[in-house]
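Those letters in the sequence shown? Residues 1051 to 1146, by this note's numbering.
In what follows, a structure is listed as structure tokens, so that the remarks can point back to it.
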Amino acid sequence: MASKDDNFNLKWRGYIEFRTILKIQPVHIFSELQEILCVDYPSRSTVERWAARLRSGDADVTDLPRSGRPVSATTSENIALLKVWSWKTSALLSIN
């Protein structure tokens, strides 16, 4: 599930993509984002970097997969561990 920040980033990246397709210069895109967003806008260098990536065809507005622990993982092993933990917890609580 995408977080609020992910959705927000996707929106301004999409805006940069469309404005870049229209051949609007990054400095103007940055000014527009400042005016539209007022507070929470990407830096000028970020706008320039994304515009360059998009012009080269080397980027997509969505985030790349990241290494590390996934946000959630459902495996049969996890389910079995949870059942055992739940059973042990219930047993401990019933003793007291």
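Every residue, glycine too, gets a C-beta built ideally from N, C-alpha and C.
Taken atom to atom, the span from the alpha-carbon of valine 1089 to that of leucine 1132 is near 44 Å.
Classified as exposed, isoleucine 1071 has fewer than 16 neighbouring CB atoms from the shown chains inside 10 Å of its CB.
According to the DSSP assignment, leucine 1087 belongs to the alpha helix (DSSP H) that extends over 1076 to 1087. A direct Cα-Cα distance of roughly 37 Å separates glutamate 1127 from lysine 1061.
Here phenylalanine 1068 is exposed, its C-beta having fewer than 16 other C-beta atoms within 10 Å.
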